[in-house]
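Going by this note's numbering, the final residue of the sequence shown carries number 381, and the count climbs one at a time with no gaps.
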Amino acid sequence: MGIESSCDETGVGLVAGGRLLGECTATSMDAHARFGGIVPEVAARAHLQSMVPTARTALERAGIGKGEVDAIAVTAGPGLATALTVGIAAAKAYALALGVPLLGVHHLAGHIAADTLEHGPLPERSVGLVVSGGHTSLLMLGDLARDPIEHLGDTADDAAGEAFDKVARLLGLGYPGGPALSKAALEGDPEAIRFPRATVGEYGFSFSGLKSAVARWVEASEGPLPVADIAASFQEAVCDVLTAKAVAACRAHGVDTLVIAGGVAANGRLRELAGARCAEHGIALRIPAPRLCTDNGAMIAAVGSMLVDAGAPWAPPGMSADSSAPLTAAALQPLKGSL
Ligand code: KG4
Ligand code: ZN
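Below is the structure:
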């Protein structure tokens, strides 16, 4: 059983032998919409209310009883500390009550693992592109449960999802910005405006300049804003730079598989452009189904199941949240005091 509560989604999923049995996700998104962003205390309270019903529904959907669960995995970080703490408390309670192992996992490893639920185990080596609301990283992946995760590059400032959210707000498209902006972009011309494609070093990203460029363009424009064209042109700049770097990393390292994961991987244009560029260079592209790209419990169960199979040690009973945990391995079992 996997439990996710790092942001505004309460997720519980059940995985056996790498196969998804059932899952349930509750979201407090609507409660944050009027603030234009996530309010940690509101998210934490919503997790408290949703945790038990979400777990119950996930078990029902999986068609199993609590007694059949043989390990509990939970997101230990990164994320909102108060939100993570609710999931960790629930995971400890289930593990203790059921007498089964508890495993703390890194949220971003969960995003990558989500892909294995549909497409099977990862190859020996692959390049990972993780694009979420808080992170953007290009990674060299081996065995997710056993090997360290190597960073080829990261964003120097905003995450890709954060850029979507901020530009959506600027265009008055509301919250959450990613889905709203990509919907608006469907009606627009991606070549209407040439926004900058900034990179940092060989595999690093930077999105704050792009965000400012959109803001400057909006400020300078007169008459009604061509929202769809701006959205499409911004989206094109993000997807262009992400896919170009990811494909370049695969080629330079002689890796023939690219895995794209995280909330922004739900973006239709990113999926399309990555598909075309990977096909051009003979790279196998793996992206989870859109509903498994955004936060959910199934992805945490997927990592948990891999860690159990790899014989990973159980989490200590004093495990606590690590809100800014760097991504160095799938297992994350910080002790009390690291918050
Ligand atoms: O992975 P995720 O659900 O949560 C984090 O771990 O952050 O990612 C959420 C991010 C948000 O910034 C959201 O706007 C973005 O993913 N997102 C999208 C789309 N769906 C979600 N961005 C672009 N296009 C989408 N379709
Ligand atoms: Zn996430």
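The beta-carbon is built from N, C-alpha and C at its ideal position, and this holds for glycine as well.
Problem - Own chain residues within Cβ distance below 6 Å of LEU171, not counting five before or after - result: Translated into positions along the sequence shown, residue 171 becomes position 129. Hits under 6 Å: LEU180, ALA288, ILE302.
Practice task
Look at ALA155 and VAL345 and say whether their C-beta atoms are less than 7 Å apart.
Solution key: Locating residue 155 in the sequence shown gives position 113, where the first residue counts as 1. Locating residue 345 in the sequence shown gives position 303, where the first residue counts as 1. The Cβ atoms of ALA155 and VAL345 lie closer than 7 Å to each other.
Problem - Buried versus exposed call for PHE247 [16 or more other C-beta atoms within 10 Å across all chains shown] - result: On the sequence shown, residue 247 is found 205 positions in, with the first residue counted as 1. Here PHE247 is buried, its C-beta having at least 16 other C-beta atoms within 10 Å.
Problem - Identity of the residues DSSP links to CYS66 by a beta bridge - result: On the sequence shown, residue 66 is found 24 positions in, with the first residue counted as 1. BP columns for CYS66 point to VAL54.
Handout entry: Beta-carbon spacing of ALA198, VAL242 below 7 Å
Key = Locating residue 198 in the sequence shown gives position 156, counting from the first residue. Locating residue 242 in the sequence shown gives position 200, counting from the first residue. Yes.
Problem - N- and C-terminal bounds of the beta strand (DSSP E) containing ALA118 - result: Stepping through the sequence shown from its first residue, residue 118 is reached at position 76. In the DSSP assignment, ALA118 falls within the unbroken beta strand (DSSP E) covering 114 to 119.
Handout entry: Close-in-space but distant-in-sequence residues of the same chain around THR370 (CB under 7 Å, 5 per side omitted)
Key = Within the sequence shown, numbered from 1, the residue matching residue 370 stands at position 328. Excluding positions up to five away in sequence, the list reads PRO190, ILE191.
Problem - Under the three-state DSSP convention, the category HIS295 falls into - result: Working through the sequence shown from its first residue, we reach residue 295 at position 253. Looking at HIS295 - three-state DSSP - the assignment turns out to be coil, as it is neither helix nor strand.
Practice task
Please report the residue range of the alpha helix (DSSP H) in which MET7 lies.
Solution key: The structure shown does not extend to residue 7, since the chain is modelled only from 43 through 381, so no value can be given for it.
Handout entry: Beta-carbon proximity of GLY385 to ALA100, cut-off 7 Å
Key = The question about residue 385 has no answer here: the residues shown for the chain are numbered 43 through 381.
Problem - Local Cβ density within 10 Å of ASP50, reported as buried at 16 or more and exposed below that - result: Here the question's residue 50 lines up with position 8 in the sequence shown. Residue burial is scored here from C-beta neighbours: ASP50 has at least 16 other C-beta atoms within 10 angstroms and is therefore classed as buried.
Problem - Outcome for GLY296 when other beta-carbon atoms lying within 10 angstroms are tallied against a minimum of 16 - result: For the purposes of this step, residue 296 is taken as the residue at position 254 of the sequence shown. Flag for GLY296 reads exposed.
Problem - Within 7 Å, strictly: CB atoms of ALA226 and ALA273 - result: Residue 226 sits at position 184 when you count from the first residue of the sequence shown. Residue 273 sits at position 231 when you count from the first residue of the sequence shown. Yes, the Cβ-Cβ distance between ALA226 and ALA273 is below 7 Å.
Exercise for the section: Let me know the alpha helix (DSSP H) ranges lying completely inside the region 116 to 145, each 4 residues or longer, listed in chain order. Expected result: Listed in chain order, the alpha helix (DSSP H) elements of length 4 or more contained wholly in the region 116 to 145 are 123 to 140.
Exercise for the section: May I ask you to check if the CB of CYS49 is nearer than 6 Å to at least one heavy atom of the ligand ADP? Expected result: Although the ligand ADP was asked about, the structure shown includes only the ligand KG4 and the ligand ZN as ligands.
Problem - Within 7 Å, strictly: CB atoms of SER174 and GLY53 - result: Position 132 of the sequence shown, counted from the start, is the residue given in the question as residue 174. Position 11 of the sequence shown, counted from the start, is the residue given in the question as residue 53. Between SER174 and GLY53, the C-beta spacing is not below 7 Å.
Exercise for the section: Taking 7 Å as the cut-off, decide whether the C-beta atoms of MET71 and LEU56 are in contact. Expected result: In the sequence shown, counting from the first residue as 1, residue 71 sits at position 29. In the sequence shown, counting from the first residue as 1, residue 56 sits at position 14. No, Cβ-Cβ distance for MET71 and LEU56 is not below 7 Å.
Problem - 8 Å Cβ shell around ILE329 - same chain, five flanking residues per side excluded - result: By one-based count along the sequence shown, residue 329 stands at place 287. When the five nearest sequence neighbours on each side are left out, the beta carbons in the same chain lying within less than 8 Å of the beta carbon of ILE329 are those of ASP157, VAL301, ILE302, ALA303, ALA307, ARG313, ALA316, CYS335, in order along the chain.
Exercise for the section: For SER254, count neighbouring Cβ atoms within 10 angstroms of its own Cβ and tell me buried if that reaches 16, exposed if not. Expected result: Taking the sequence shown and counting its residues from 1, one reaches residue 254 at position 212. SER254 should be labelled exposed.
Exercise for the section: With hydrogens ignored, establish whether the beta-carbon of SER250 is closer than 6 Å to any heavy atom of the ligand KG4. Expected result: Residue 250 sits at position 208 when you count from the first residue of the sequence shown. No, the beta carbon of SER250 sits no closer than 6 Å to any heavy atom of the ligand KG4.
Problem - Cα-Cα separation, ALA354 to LEU140 - result: One-based indexing of the sequence shown puts residue 354 at position 312. One-based indexing of the sequence shown puts residue 140 at position 98. Rounded to whole angstroms, ALA354 to LEU140 spans 19 Å at the Cα level.
Handout entry: For ALA125 and ILE80, the rounded distance between their alpha carbons
Key = Start at 1 with the first residue of the sequence shown, and residue 80 comes out as number 38. Start at 1 with the first residue of the sequence shown, and residue 125 comes out as number 83. ILE80 and ALA125 have their C-alpha atoms some 11 Å from each other.
Practice task
Could you check the C-alpha separation between ALA202 and PRO332 for me, to the nearest Å?
Solution key: Residue numbering aside, residue 202 sits at position 160 when the sequence shown is read from its first letter. Residue numbering aside, residue 332 sits at position 290 when the sequence shown is read from its first letter. Linking ALA202 to PRO332 through their CA atoms gives a straight-line distance of about 16 Å.
Problem - Completely contained beta strand (DSSP E) runs for the region 265 to 313, where each covers 3 or more residues - result: With a minimum length of 3 residues, the unbroken runs of beta strand (DSSP E) contained wholly in the region 265 to 313 fall at 299 to 303.
Exercise for the section: Within its chain, find whatever has a CB closer than 8 Å to the CB of HIS323; leave out the 5 residues flanking it on each side and keep chain order. Expected result: Position 281 of the sequence shown, counted from the first residue, corresponds to residue 323. Same-chain partners within the cutoff: VAL289, CYS292, ARG293.
Handout entry: SER70 Cβ short of 6 Å to the ligand KG4 heavy atom set
Key = Residue 70 sits at position 28 when you count from the first residue of the sequence shown. No.
Practice task
Pull every residue with its beta-carbon under 6 Å away from any heavy atom of the ligand ZN, and keep them in chain order.
Solution key: Here the residues come out as HIS149, HIS153, SER174, GLY304, GLY305, ASP337.
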